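Take a look at the structure set out below.
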Amino acid sequence: RKEVEQDPGPFNVPEGATVAFNCTYSNSASQSFFWYRQDCRKEPKLLMSVYSSGNEDGRFTAQLNRASQYISLLIRDSKLSDSATYLCVVNPFNAGGTSYGKLTFGQGTILTVHP
Amino acid sequence: GAVVSQHPSWVICKSGTSVKIECRSLDFQATTMFWYRQFPKQSLMLMATSNEGSKATYEQGVEKDKFLINHASLTLSTLTVTSAHPEDSSFYICRIPDTAGITFGSGTRLTVV
Chain A
1391 RKEVEQDPGP
1401 FNVPEGATVA
1411 FNCTYSNSAS
1421 QSFFWYRQDC
1431 RKEPKLLMSV
1441 YSSGNEDGRF
1451 TAQLNRASQY
1461 ISLLIRDSKL
1471 SDSATYLCVV
1481 NPFNAGGTSY
1491 GKLTFGQGTI
1501 LTVHP
Chain B
765 GAVVSQHPSW
775 VICKSGTSVK
785 IECRSLDFQA
795 TTMFWYRQFP
805 KQSLMLMATS
815 NEGSKATYEQ
825 GVEKDKFLIN
835 HASLTLSTLT
845 VTSAHPEDSS
855 FYICRIPDTA
865 GITFGSGTRL
875 TVV
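Line by line, the protein sequences are chains A and B. Our numbering puts the first residue of the first sequence at 1391, with every later residue one more than the last. Our numbering puts the first residue of the second sequence at 765, with every later residue one more than the last.
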């Protein structure tokens, strides 16, 4: 079983649609969770961290279910500019101090938003 | 978060040659840097962790004699792909663990012909 598993998609949705991505992780000791966005041939950029209580940032909502070892990302009112690959990222170590340890990346979910 | 400069952003080289990739932390002293590789349509895979002033720690299956890592100062880590072959063609990217948590370099796309 992969450490972090995502549905690779691709997801093709029209502008304005709501789309949800799921991610499961195998290491129950994982401490920190993130969603990253990666555009073609570019470095990943942090979209948002994921907290147990769930968190929202504009059109984006992330949720974490520790019991099921499951993370989700919901995008509302999709824009053309949302087209990218979305990476689920898990840090299996305690963040501790001021630095983060190794990260484990899912393979990414491809989203294409069309007019 | 910290600013990370990685270069070159892309390189094409002949099979058998060596390529050096630099990762600089411009405003953060990094005792540790991470090097990742990403093949098309695949996830980022950690190759190694460079440690300032000491040997790098390589992940299982990564040849340390092929991928030479040097972390000579708190602001610079280099990855050298030695005797590159077409199967080494990939996207290489560094990351530093700064106070904001996670900062990536802009990546280097290596094509070996």
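C-beta: ideal position from N, C-alpha, C; glycine also. Every value quoted in this text rests on a predicted model; they were computed, and no experiment measured them.
Alpha-carbon spacing of residue i relative to residue j, whole angstroms
i	j	result
threonine 1414/A	phenylalanine 1495/A	11 Å
serine 1468/A	threonine 1408/A	6 Å
serine 769/B	leucine 843/B	14 Å
threonine 1499/A	arginine 1456/A	21 Å
lysine 805/B	arginine 1449/A	26 Å
serine 847/B	serine 814/B	21 Å
glycine 1487/A	glycine 780/B	Confidence in glycine 1487/A is poor, its pLDDT being 40 and thus under 50, which makes the residue's placement unreliable; the coordinate value appears in the next sentence. C-alpha separation (whole angstroms): 43 Å.
phenylalanine 1423/A	leucine 832/B	30 Å
valine 783/B	serine 1443/A	46 Å
serine 1489/A	proline 861/B	The predicted position of serine 1489/A is uncertain, since its pLDDT is 41 and thus under 50; no value can be drawn from it.
glutamate 1446/A	lysine 828/B	42 Å
glycine 817/B	threonine 795/B	8 Å
arginine 1466/A	aspartate 1397/A	19 Å
Helix, strand or coil at residue i according to DSSP, with G and I counted as helix
i	result
serine 1489/A	Low per-residue confidence applies at serine 1489/A: pLDDT is 41, beneath 50, and the placement is therefore not dependable enough to give any value.
serine 782/B	coil
leucine 1470/A	helix
proline 1404/A	strand
aspartate 852/B	helix
arginine 1441/A	The residue you asked about is not arginine; residue 1441/A is tyrosine in the sequence shown. Tyrosine 1441/A: coil per DSSP, three-state reduction.
serine 789/B	strand
valine 877/B	coil
glutamine 824/B	coil
leucine 1501/A	strand
lysine 830/B	coil
serine 814/B	strand
Chain A contact residues for residue i, given Cβ-Cβ distances below 8 Å
i	result
glycine 869/B	Glu1433
Which listed residue (the options) has its alpha carbon closest to that of residue i
i	options	result
valine 877/B	Ser782/B, Lys778/B and Glu827/B	Lys778/B
arginine 1427/A	Pro1505/A, Val1479/A, Leu1493/A and Lys1492/A	Val1479/A
serine 1368/A	Pro1398/A, Val1403/A and Asn1412/A	Because residue 1368/A is not part of the residues shown, which for chain A are 1391 to 1505, the question remains open.
alanine 1410/A	Gly1444/A, Val1440/A, Lys1432/A and Ala1452/A	Ala1452/A
leucine 810/B	Val1503/A, Asn1481/A, Thr1502/A and Pro1505/A	Asn1481/A
serine 841/B	Lys819/B, Asp852/B, Glu851/B and Thr875/B	Lys819/B
Beta-carbon neighbours of residue i, restricted to chain B and to distances below 8 Å
i	result
glutamine 1497/A	Lys805, Gln806 and Ser807
lysine 1492/A	Phe798, Leu810 and Thr813
Heavy atom of the ligand MG within 7 Å of residue i beta-carbon
i	result
valine 767/B	Among the ligands in the structure shown, none appear at all, so the ligand MG cannot be discussed.
Within chain A, the residues that residue i reaches when beta carbons sit closer than 7 Å
i	result
leucine 873/B	Looking at the sequence provided, one finds arginine at residue 873/B rather than leucine. Going along chain A in sequence order, the residues near arginine 873/B (Cβ under 7 Å) are Arg1431.
isoleucine 857/B	Glu1433
CB contact below 8 Å: residue i versus chain E
i	result
serine 782/B	No chain E is part of this structure, whose protein chains are labelled A and B.
Discussion item. Taking 8 Å as the cut-off, does the stretch 847-856 of chain B touch the stretch 794-812 of chain B (at least 3 CB pairs, one atom from each stretch)?
Written reply: By the Cβ criterion, the stretch 794-812 of chain B is in contact with the stretch 847-856 of chain B, since at least three pairs of Cβ atoms, one from each stretch, lie closer than 8 Å.
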